[in-house]
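Note that our numbering has the sequence shown beginning at 11, numbered continuously upward. Using N, Cα and C, we set each Cβ at its ideal position, and we do this for glycine too. Here's the structure, in structure tokens; my notes come after.
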Amino acid sequence: QPLLYQVATAVLTPGQIAAPIRQVLGSQENASVIMGEVTGVDTGRQEVIVRTADRDDHHIGFDSLVVATGVQHSYFGRDDFAKYAPGLKSMADATDVRNKVLQAFETAEVETNERHRDELLTFVLVGGGPTGVEMAGAIAELANLTMRKDFRRIDPRRARIVLVEAGPRVLSAFEESLSLKAQARLRSKGVELRLGQPVEHIDAEGVIVGGERIFSRTVIWTAGVTPSPVAQWLDAPTDRLGRVRVNGDLTVGGMANVFVIGDVAYYEQNGRPVPGVAPVAIQQGKYVGGVIAARAKRGPVAMPVFRYNDKGAMAVVGRNYAVMQFRRWKIAGYLAWLVWSGVHVLFLALPNLRVSVFLQWIWSYLSKQRGSRLIVTPHGAAKAEPVGALTSPEGR
């Protein structure tokens, strides 16, 4: 997920950041992969109900169950926003956003009405967390560096990128000094910051922020998430956000063989919840694997509680710049960017992906080009509605 924004901004392809699970587990002869949608869990019968492509329900028994279903977009009760502001939580989301961003420039190239052209070249990102910051910086570089000479009727450098954050600063989980440096870097790239201004409305014409209408054909939602319906499946206690409360060994309630990990789990350490980030999920996965292996060998055994080892946080703000905090260390700039790049290459699932991404990044860095600027839509998919056909409340 940390590299989804690079797919969404045409830096990388989906196949460079993810591999088929069957391939990843190919050497594990005792592992089977079933592609389907989990529709429920019967804890009494120790079964998971999975609906496959043939629309049949399959009941799969278990001795131990690990649930790591993650989160989905949350529009804070305004689900009507989803139609106009896609999120970025899956590979499908990333390719959809990539198509939308690239298509905006293509449509602007043939638009003769200057006002409508400006709407096409205005990109609004809702949410100032790492994804919003990284997307804003990447779109700015796409317009200012990669595509600046590719069009004949428009100048991509005229693109307007607006990042909206309801809080007083971006990257609120970081130290304030790093947030301020990230904000300064974004502004230097021409990104407009609307801080302390929650989005009031989103529709086909753009957004309303602080009472002002920002006309835009491309709005991207990076603001909020909600857990998948695990609590309903397990009839488990939750926190106020719907995350499943887990025990010290990451089991649920009195079910010693049911584990919940990752974004969908609520776990406190030193009186504070651990963050919903990839390093937490990775460490929890390794811990649960160890618990299950120990119990398989020695039967029910007491295990030390899970302890998250905080390895810091990072966010990239475009080319040559990132912010990073690790315990007392706070770094911003080129060094942080190098560390960010190295860490994210190492976290890829397979060696061939690491090599592919590393070489792609080198080529992109030297050429200032993007390796995946293809607009791919299903045959027969609905075409974008012409800007001139839209009518706003303001009578445009």
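| Item | Value |
| --- | --- |
| Output needed for E404: all residues of its chain with C-beta closer than 8 Å, excluding positions within five of it in sequence on either side, in chain order. | Note on E404: pLDDT 44, under 50, position unreliable in the model; the coordinate value appears next. Answer for E404: R223, listed in chain order. |
| Sort out for me which residues DSSP pairs G343 with in a bridge. | A332 |
| Span of the beta strand (DSSP E) holding N267? | 265-270 |
| Please report the distance separating the alpha-carbon of G200 from that of G147. | 9 Å |
| First and last residue of the alpha helix (DSSP H) that includes E144? | 140-151 |
| Helix, strand or coil for Y318, going by three-state DSSP, please let me know. | coil |
| Looking at C-alpha atoms only, which residue of R170, V235, T228 is the closest neighbour of S100? | V235 |
| Along the beta strand (DSSP E) that carries V410, what are the first and last residues, could you check? | Since the displayed the chain opens at 11 and closes at 406, residue 410 lies outside it and no answer follows. |
| To the nearest angstrom, how far is it from the Cα of P239 to the Cα of I271? | 14 Å |
| Going straight from the alpha carbon of R55 to that of L196, what length do you get? | 53 Å |
| Do the region 114-130 and the region 157-168 touch if we need at least three Cβ pairs shorter than 8 Å? | yes |
| Apart from the five residues just before and just after A394, which ones in its own chain have a Cβ nearer than 7 Å to its Cβ? | Here the model assigns A394 a pLDDT of 48, short of 50, so the residue's position is not dependable, and the following value carries that caveat. Cβ within range, chain order: Q113, T117. |
| Assess contact between the region 270-287 and the region 309-329, defined as three or more Cβ pairs (one per stretch) separated by less than 8 Å. Is contact present? | yes |
| Under the DSSP definition of a beta bridge, which residues are partnered with P283? | E278 |
| Report yes if the C-beta distance between F115 and P166 is below 8 Å; otherwise report no. | yes |
| Only counting the same chain, and skipping five residues up and downstream in sequence, which positions put a Cβ closer than 7 Å to that of I302? | S74 |
| Can the beta-carbon of V411 be found less than 8 Å from the beta-carbon of L98? | This structure cannot settle anything about residue 411, because the visible part of the chain is limited to 11 through 406. |
| Do G177 and G206 have their C-beta atoms within less than 8 Å of each other? | yes |
| So if DSSP puts M45 in a beta bridge, which residue, or which two residues, is it bridged to? | Answer is none; M45 lacks a bridge partner. |
| Check for me: the alpha helix (DSSP H) holding I372 runs from which residue to which? | 361-377 |
| What does a CB cutoff of less than 7 Å around V76 pick up in its chain, not counting 5 residues either side in sequence? | F269, I271, V298 |
| Can you look up I31 in the DSSP assignment and give me helix, strand or coil? | helix |
| Starting from the N-terminal side, write out each stretch of the alpha helix (DSSP H) that is 4 residues or longer and does not extend beyond the region 224-250. | 240-244 |
| Within its chain, find whatever has a CB closer than 7 Å to the CB of K340; leave out the 5 residues flanking it on each side and keep chain order. | E185, S187, L188 |
| Sort V81, R168, Q293 by Cα distance to A153 and report the nearest one. | R168 |
| Going by DSSP, what residue range makes up the alpha helix (DSSP H) through T105? | 101-120 |
| Tell me the DSSP secondary structure of F91 in three-state form. | helix |
| Quick check on this structure: which residue in D273, R250, A28 has the alpha carbon closest to the alpha carbon of L260? | D273 |
| Under the three-state reduction of DSSP, which class applies to L135: helix, strand or coil? | strand |
| What do you reckon, are the CB atoms on Q26 and S366 nearer than 8 Å? | yes |
| Per DSSP, H83 forms a beta bridge with which residues? | V235 |
| I need the straight-line Cα distance from L22 to R380, nearest angstrom please. | 8 Å |
| Can you name the residues that DSSP bridges to T261? | F269 |
| Under 8 Å between the Cβ atoms of V256 and A275? | yes |
| Could you give the distance in angstroms between the alpha-carbon of V143 and the alpha-carbon of V180? | 7 Å |
| Are the beta-carbon atoms belonging to V333 and A183 less than 8 Å from one another? | no |
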